[in-house]
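Chemist:
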Amino acid sequence: MHRLLCGPLGRRLRQVGPVLVPVLLSIADALLVNGLGMALELGVSVVAAAALLLRRRWPLLVFLVTLPGLYIGYIWFAPMVALYTLAALRPGRARLGVCALLLVAAHFLPYPISDFEPTAYRENTLVLIDACVTSAAPIALGLLVRTRRELASRVEDLTRSLRREDRLLAERVKATERARLAREMHDVVAHQVSLISLQAGAVQVSTADAAARDGARTIRELSVRTLEELRHMVGVLRAAGGDAQEAGELAPQPDLDELPRLIEMSALDVTYEGLRTAHDGAEGSGADRPRGGRTVERAAFRTVQEALTNVRKHAPGAQVRVRVDAVELAAPGDPEAAERGRSGLRVEIRNGPPDATVPVPALPGGGHGLVGLRERAQSLGGTLEARPTAEGGFVVRAEFPYGAG
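Numbering follows our numbering, with no gaps: position 132 of the sequence shown is 169.
Encoded structure:
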């Protein structure tokens, strides 16, 4: 039974029931009061009952149609339902007052009017009281229902407002926590990196060995670059909760133009096969990049950066090849996408086996680098593959479609 009421039939019954039930009750009222032998009285009563089908669309007109049923046919249910609907849907003091007087008159005055006995004071008083109650009750009930609906709507609006305020409060708390973390990051990390830069500068000045000076200079440049990126990231954290444009301006925006510099400073044996960049005047670079090009190039840069970091950690001394190509990509499950020109960028970082004579550096790692790269690629509509090779090395290959950012 519960399943039947909750199914499509139950929903249909809940929609139709409130409309049909008053009509059926009004028809039963007309039959019980007038019987089948009184044609005129029964006719106006049935018309009044049938008019209730339209009471929600034209409540005032339907109420006026039901008055002859009350005056001639002596039915009560149809005009009371019509007046209740009018009070619930079209409240207005003047309108309800006039309609109440009409219902009182139709109830108080007999049909035909010649049967009215002005001297029957006791009977007329009782009928008048009955007519007033019959008129006031549906109005009061209709106004009560309307007030409850308005109150429920206001409570719902208040609930939504409170939820919105709670969400804004939670966002402010997060912004405050981000600012605190940004300050701690600046105080802890920036201080240590600054010391590294100062020490490297001292070695660069004091040593007579050219190789040592070059290494110290590289360390100093890396430290300065790290401090710059750290400052940008701290700015992003502090701008959280502000407008997105400000945060975007604060964020570092590396692209393929910076890959040669990244590879040069990696201190690895890297062979780079890359696209022609903005420095070469290539089509699709700078202002002529494809839609989403900067976002894709930034993702490619971070992929190479993370892969080179992993080579330093896990395969010291290995030979590395970095290759960046512009390709036509096929969407998963859509081999014809390449024919429609779905262009993109493919990045491959392949390293050989580590050199056994080179010591493995004790660098910390959280194991989240490749996971983050894969999530970045998927968010741009691309793919990332990372696997060992048969030669004992490792390969990372990512594909990013243009137009994703």
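By construction, the Cβ of each residue, glycine as well, lies at the ideal position given by its N, Cα and C atoms.
1. Check each candidate in Val341, Ala355 and Arg186 and name the one with the smallest Cα separation from Thr394.
2. Is the Cβ-Cβ distance between Leu410 and Ala435 less than 8 angstroms?
3. For Glu295, collect the residues of the same chain with a Cβ closer than 8 angstroms to its Cβ; drop the 5 residues on either side in sequence, then sort them by chain order.
4. Per DSSP, what are the beta-bridge partners of Asn388 in this structure?
5. Taking the continuous alpha helix (DSSP H) assigned at Tyr309, which residues delimit it?
6. Counting pairs of beta carbons, one from the stretch 165 to 181 and one from the stretch 196 to 213, are three or more of them closer than 8 angstroms?
7. Can you list, in chain order, the residues of its chain with a C-beta nearer than 7 angstroms to that of Val307? Leave out the 5 residues immediately preceding and following it.
8. Would you decide whether Glu265 is buried or exposed? Buried here means 16 or more other CB atoms lie within 10 Å of its CB.
9. Only counting the same chain, and skipping five residues up and downstream in sequence, which positions put a Cβ closer than 6 angstroms to that of Val99?
10. Please classify Pro438 as buried or exposed, where buried requires at least 16 neighbouring CB atoms within 10 angstroms.
11. Following a CB-centred definition, is Ala168 positioned closer than 7 angstroms to any heavy atom of the ligand ADP?
12. With three or more beta-carbon pairs closer than 8 angstroms as the criterion, would you say the stretch 152 to 167 touches the stretch 99 to 110?
13. When you compare only the Cα positions, how much space is there between Trp95 and Leu206?
14. Mind reading off the beta-carbon distance from Thr171 to His144? Whole number of angstroms is fine, and I expect it under 8 angstroms.
15. Bridge partners for Asp362 per DSSP, in chain order?
16. So, Gln241 versus Arg215, is the Cβ gap smaller than 8 angstroms?
17. Pull up the distance between the alpha-carbon of Pro297 and that of Ala336, whole angstroms please.
18. Check whether the Cβ atoms of Ile386 and Ala352 sit closer than 8 angstroms, and answer yes or no.
19. When the Cα atoms are used, what is the spatial distance from Ala423 to Val408?
20. Helix, strand or coil for Pro2, going by three-state DSSP, please let me know.
21. Evaluate the contact criterion for the stretch 54 to 66 versus the stretch 79 to 88: three or more CB pairs, one atom per stretch, below 8 angstroms.
22. What is the rounded straight-line gap between the Cα of Pro9 and the Cα of Arg159?
23. Can you tell which of Gly106, Val141, Asp66 and Leu97 has its C-alpha closest to the C-alpha of Leu77?
24. Any idea if His316 is buried or exposed, counting beta-carbon neighbours within 10 angstroms, 16 or more meaning buried?
25. Buried or exposed, going by whether 16 or more other CB atoms sit within 10 Å of the CB of Thr156?
26. In or out: Phe431 buried (at least 16 other Cβ within 10 Å) or exposed?
Modeler: Walking through what the data contain:
1. Walking along the sequence shown from the start, residue 394 turns up at place 357. Proximity to Thr394 across Val341, Ala355 and Arg186 peaks at Ala355, based on C-alpha coordinates.
2. Indexing the sequence shown from 1 puts residue 410 at position 373. Indexing the sequence shown from 1 puts residue 435 at position 398. In contact: Leu410 and Ala435 (Cβ atoms closer than 8 angstroms).
3. Here residue 295 is taken as the residue at index 258 of the sequence shown, counted from 1. The beta carbon of Glu295 sits closer than 8 angstroms to the beta carbons of Phe338 from its chain, once the five residues preceding and following it are set aside; these are given in chain order.
4. Position 351 of the sequence shown, counting from 1, holds the residue named residue 388. Bridge pairing for Asn388: Val357 and Phe431 [DSSP].
5. One-based indexing of the sequence shown puts residue 309 at position 272. In the DSSP assignment, Tyr309 falls outside any alpha helix (DSSP H) and lies within the beta strand (DSSP E) extending over Asp306 to Glu310.
6. Contact between the stretch 165 to 181 and the stretch 196 to 213 is absent, with fewer than three C-beta pairs closer than 8 angstroms.
7. Counted from its first residue, the sequence shown places residue 307 at position 270. For Val307, same chain residues with a beta-carbon under 7 angstroms away, outside a window of 5 residues either side, are Ile300, Val357 and Val359 in chain order.
8. Your numbering for residue 265 matches position 228 in the sequence shown. The residue is exposed, with fewer than 16 neighbouring Cβ atoms inside 10 Å.
9. Locating residue 99 in the sequence shown gives position 62, where the first residue counts as 1. If we look at Val99 and ignore the five residues flanking it on each side, its Cβ neighbours are Ala88, Leu91, Arg92 and Ala119.
10. On the sequence shown, position 401 is the one that residue 438 refers to. Counting C-beta atoms within 10 angstroms of its own C-beta, Pro438 has 16 or more neighbours from the protein chains shown and is therefore classed as buried.
11. The ligand ADP is not among the ligands present in this structure, which contains no ligands whatsoever.
12. Under the three-pair Cβ rule at 8 angstroms, the stretch 152 to 167 does not count as touching the stretch 99 to 110.
13. The residue you call residue 95 lines up with position 58 of the sequence shown. The residue you call residue 206 lines up with position 169 of the sequence shown. Their Cα atoms are separated by approximately 47 angstroms.
14. Residue mapping note: residue 171 aligns to position 134 of the sequence shown, counting from 1. Residue mapping note: residue 144 aligns to position 107 of the sequence shown, counting from 1. Going by Cβ atoms, the distance from Thr171 to His144 rounds to 6 angstroms, so yes, they are a contact pair.
15. Start at 1 with the first residue of the sequence shown, and residue 362 comes out as number 325. Partner residues in the beta bridge of Asp362, as assigned by DSSP, are Arg383.
16. Residue numbering aside, residue 241 sits at position 204 when the sequence shown is read from its first letter. Residue numbering aside, residue 215 sits at position 178 when the sequence shown is read from its first letter. Going by C-beta atoms, Gln241 is not nearer than 8 angstroms to Arg215.
17. Within the sequence shown, numbered from 1, the residue matching residue 297 stands at position 260. Within the sequence shown, numbered from 1, the residue matching residue 336 stands at position 299. Whole-angstrom Cα-Cα distance: 16 angstroms.
18. Residue 386 sits at position 349 when you count from the first residue of the sequence shown. Residue 352 sits at position 315 when you count from the first residue of the sequence shown. No, the pair does not count as a contact, with Cβ atoms beyond the cut-off.
19. The residue labelled residue 423 in the question sits at position 386 within the sequence shown. The residue labelled residue 408 in the question sits at position 371 within the sequence shown. Ala423 and Val408 have their C-alpha atoms roughly 10 angstroms apart.
20. This structure cannot speak to residue 2, because the chain is shown only from 38 to 442.
21. With a cut-off of 8 angstroms on Cβ pairs, the stretch 54 to 66 is in contact with the stretch 79 to 88, counting three or more such pairs.
22. Any property of residue 9 remains undetermined from this structure, which presents the chain solely from 38 to 442.
23. Stepping through the sequence shown from its first residue, residue 77 is reached at position 40. Closest option to Leu77, judged by alpha-carbon separation, among Gly106, Val141, Asp66 and Leu97: Gly106.
24. On the sequence shown, position 279 is the one that residue 316 refers to. In this prediction, His316 has a pLDDT of 39, which is less than 50 and means its spatial position is unreliable; nothing more can be read from the coordinates.
25. Position 119 of the sequence shown, counting from 1, holds the residue named residue 156. Exposure of Thr156 is indicated by the presence of fewer than 16 other C-beta atoms within 10 angstroms of its C-beta.
26. Here the question's residue 431 lines up with position 394 in the sequence shown. Counting Cβ neighbours within 10 Å, Phe431 comes out buried, since at least 16 surround it.
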